[in-house]
Amino acid sequence: MILLRKELRSLRPFLWLIFLLAGLDALATVATEFPDQHTIADVFDDFDAGFAYFVLFAISFAIGQTLIGRERSEDTLEFLDALPVSRARIYWTKWLAGYLVLVVYLLSGLIVHLPLHVWSLTSDDPSLYPEFWAAMLAMDLVVVAIYLSIGMALAFWGRFGLLAAAFYLIGTWILQETGLPGMERFDPLIYGDLNVVGSALVVPWEIAGVQLAAAAVLALLGQLAFERLGKHPADVSGWKRAATPLFVTGLVVAVVAWFTTGIYTSLDEAAEMTGEPEPAFLEWETTRLPTEHFVFIYPNNQARAAEELAAEADEVHDTVTEFFDVEPRRQLVVDLTSNSPRHAGTAYWGRIRMNLNAPGLEARLPAVLGHELCHIYIDQLSDNRVSEKFDATRFFHEGLASWIEYRFFRPEGEREQIRRVAAAAHDRERIRFEELASSARLTENYAAEWVYPLGEVFAAAVIDTWGEEAPARLIRAFNRPDAPTGLGGISLWQDTFQAAGYDLESTIAAFFRLLDQTVAEERDWLDTLPELRGELITQDNQVGVRILPAGEDDTTKLPPRRQLFVRFRQGPLPLERSQEQCDGARKWGLGIGRR
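One rule links them: number in the working numbering = place in the sequence shown (from 1) + 445.
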C-alpha cells in the first residue's frame, strides 16, 4: 500500500491535468450549448467520440512512459532493489497506480456529462439510459487497461517507443482506408466508432478481447524488461538477460501473426457470408472542362451530362451578371462530383458543387447552376456582408436566388409550384416578417425550408415595387463603409432599405399582398390539403408518432400521398409559444406536443 501511494503521488500532475480537462469540457459545454438540452447524441457524435479515445490513448501512453522512464531518469533503480519487494511487484504496482488514475479520468467524464443528461430529461424521453452508460463504462475500463499496457511496454524503447506507436496508428489507419478487411481488429482507436442501436451501445467485445490478450502479452514482456533494467548482465539470470531481444522479437512476431491471422480470418468470414468473391467497383477518373467563365470537374462516366451543362453555362453566367450589373469573376470552379443526398447544389467560397446523380436533375442543371451563381455574386457584391448576417438574411439570399432561378432558367409554369408552398404557409400560419427575418426562429417554429418559397415571394415584392435593379442596390447597401454594426433582424433590414433609398414598410405590405393574391388563386387547391394531427405512442420503451386526420377517430385512413414528412422540433418552446403551437397544430398537419 505504501508503494502504491508513492506511485500515485508521482502521478499527481496527471490528476491535475485530468481535472483541468474535465473543467474545460464542462465550461465549453455550458458556454457553447444549451445545458438543459444535452442528450446522449450531443455527448458522443462521430468526431467527439473519435477524438475522445485519441486523447485517452495519449494520456494512457504518457502515464505508461512516465511510470517506467522516471525510474531510469531519476536513477532510483538501486533504491528499488533495496526494498523488500520484487521488481515484478513494483512493476504491477505501477500498472495499478496508472490504471487508477485513468479510472479517475473516466469518472470525471461521467461527472460532467451525466448530470447534464439528467437535467435534459423531458416527459417525452425520461429515461436515464443506464444500459448505455454501463456498457460505455465497462468498455472504457477494458480500453484503458489495453492502452496503459501498451504505453508501459513501449516505454523501454524510449523515444523510439513513441515513434513506433505513431507509425502503428498511421499504418492501421492507412490499411483501413485501403479497404483491407479485418483491419479494425488491429486499431486501438476503433472504440471511437460508436455503434448505438436504440439506446444500447454495441461493444466490440471480440475485438476488445483480442486486443486485451495482446496487451497482456506486451505487459508480461514489459515486466521481463523491467526486471533487467539497470542491472549488469552478470547479475541477471540467463533467461532474464534475454528479456530485451525476447521483447523485440516477440513484439514483431506477435504483430505479424496478428495481422496475418486477422486478414485470413476476415477473408474466410467474407467468403462464408457471401459465398462469392468480393465485387470490384470501378473508380471513375475525373476530367476538367474549361469554358470562358468556368472550369468543370466531372467523373468520366457522366461526361454527357457535364458537357451539356457546360454548353449552356456561360450563357447562364452572363444572365446572372447582367441582372446584378457586376463584373464577372475569374474562372469559377464547378465540382460535379458531389453525392449529397440533400442538396442539388451548394456554393461556398467561390466554388460550386453539384450532384449529377440526383434523380430527375438532368433537365434542371442550368437552373441549379444559376441559383448557385446568385449566391456567389451576392457575396461578391456585399463583400460577404450579407452572409455574415446569415440569420437575418438567409431568406433573402435563398429567395432572390430562387426568384432568378424560376424567372430565367425554369420553364413557364414551374413557379406555381414554389408559390403554392408559400401560399399554404401564409394561409395556415400567417407568419410575421420578424419571423421570416430570423432563420433560427423560422426553423424552430416552422420549417427551415420555407426560406425558399417565402423568400422568393419577398424578392418578387422587392422587384415589383422598386424595379429589377433594387436587389443589387440593397446588396451593395450592406457593404457601405458607414453601415452600423451589431444590427440584426428587422432593424438590419430597416437600415439597409433606408440606405438604398427604399421603404421597408411598403415592401412588406407588397409582400403580404402578393401572398394574399396567391392564396386566393390557389384556394381550391389549398382546400384539398388534409388537416392532420399527431398522436404520441409508446411501445417497448420506444417512442413514435402516428399521423391521423384531425378530429377523426383512429380508424380513419389518410388519403394516399406520395410522401408524408413529420418534423420534430430541435428543442422545447417557451410555455406560451408552445401552447399557441399546440392549439394551431391541426392547421398544419404536424404533430406538435409540449415537452
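Cβ coordinates follow ideal geometry from the N, Cα and C atoms, glycine included.
All of these numbers come straight from a predicted model, not from anything done at the bench.
In the DSSP assignment, find the beta strand (DSSP E) that holds residue i and state where it starts and stops.
i	result
Ile797	796-799
Tyr743	739-744
Thr731	731-735
Thr764	No beta strand (DSSP E) contains Thr764, which is instead part of the alpha helix (DSSP H) from 748-769.
Gly637	Element bounds for Gly637: n/a, residue is neither H nor E.
Pro811	Element bounds for Pro811: not the beta strand (DSSP E) but the alpha helix (DSSP H), 810-827.
Gly858	Gly858 -> no beta strand (DSSP E), and no H or E assigned at all.
Asp780	777-780
Thr930	Segment: none, Thr930 is in no beta strand (DSSP E) and carries neither H nor E.
Leu993	987-994
Arg978	977-984
Counting along the chain, where does the alpha helix (DSSP H) carrying residue i start and finish?
i	result
Ile447	447-455
Pro1059	This structure does not reach residue 1059, given that the chain is present from 446 up to 1040, and the question cannot be answered.
Val831	830-833
Leu887	884-890
Ile908	896-911
Ile920	915-923
Glu879	878-881
Under 7 Å Cβ to Cβ from residue i, same chain only, skipping five residues before and after it: list those, please.
i	result
Ala917	Phe769, Asp770, Leu826
Cys819	Val765, Leu845, Ala846, Ile849
Ala995	Glu976, Leu977, Arg978, Arg1031
Leu460	Val546, Val549
Arg839	Ser884, Val896
Between the Cα of residue i and the Cα atoms of the options, which residue gives the shortest distance?
i	options	result
Glu976	Leu582, Ala869, Gln962, Cys819	Ala869
Ile908	Trp537, Leu608, Glu651, Thr952	Thr952
Asn986	Glu576, Leu453, Ile876, Phe835	Glu576
Ala611	Asp972, Leu634, Arg630	Leu634
Ile504	Met597, Gly931, His558, Trp911	Met597
Gln668	Gly989, Arg925, Phe601, Phe506	Phe601
Gln862	Leu501, Ala473, Leu981, Glu967	Glu967
Thr511	Ala533, Arg532, Pro458	Pro458
Gly554	Thr910, Ala904, Leu472, Arg873	Leu472
Pro856	Thr941, Ala892, Leu810	Leu810
Leu466	Thr941, Lys834, Val557, Thr930	Val557
Arg852	Val761, Leu887, Leu949	Val761
Leu646	Trp578, Trp938, Gln656	Trp578
Arg775	Glu752, Trp618, Glu767, His738	His738
Glu880	Phe854, Asp828, Ser936	Ser936
Trp911	Gln962, Ala609, Leu949	Leu949
Leu657	Val588, Leu665, Ile619	Val588
Phe435	Leu932, Gly654, Pro926	As displayed, the chain neither begins before 446 nor continues past 1040, which places residue 435 out of reach and without an answer.
Leu561	Ala580, Arg534, Val475	Val475
Met584	Ala904, Glu859, Trp650	Trp650
Cutting at 6 Å between CB atoms, please list the residues of its own chain near residue i, excluding the five before and the five after it.
i	result
Tyr550	Ile463
Glu850	Ala812, Gly815, His816
Gly637	Ala494, Gly495, Tyr498
Leu801	Gln747, Ala750, Leu781
Glu843	Val896, Tyr897, Gly900
Gly934	Ala837, Ala882, Ser883
Ala945	Arg918, Leu919, Ala922
Lys539	Glu452, Leu512
Arg991	Glu980, Ile982
Asn924	Ser827, Asp828, Arg830
If you check the beta carbons only, do residue i and residue j fall under 8 Å apart?
i	j	result
Ile595	Leu663	yes
Ile797	Asp780	yes
Ala906	Ala955	yes
Leu453	Leu545	yes
Val778	Val740	yes
Thr736	Ala758	yes
Leu541	Leu449	yes
Arg864	Val902	yes
Leu435	Val964	Nothing can be reported for residue 435: it is not among the residues displayed for the chain, which extend from 446 to 1040.
Ile513	Phe631	no
Gly509	Gly468	no
Ala660	Ile591	yes
Tyr947	Ala915	yes
Ala609	Leu599	yes
Ala755	Val648	no
Within the same chain, show all residues whose beta-carbon is closer than 8 Å to that of residue i, passing over the 5 residues directly before and after it, in chain order.
i	result
Ser682	With a pLDDT of 48 at Ser682, under the threshold of 50, the modelled position of that residue is not reliable, and no figure is offered here.
Note to self: Runs of 4 residues minimum, wholly inside the segment 932-970: which ones carry the alpha helix (DSSP H) assignment?
What the structure shows: The segment 932-970 contains these whole alpha helix (DSSP H) runs: 934-945, 949-966.
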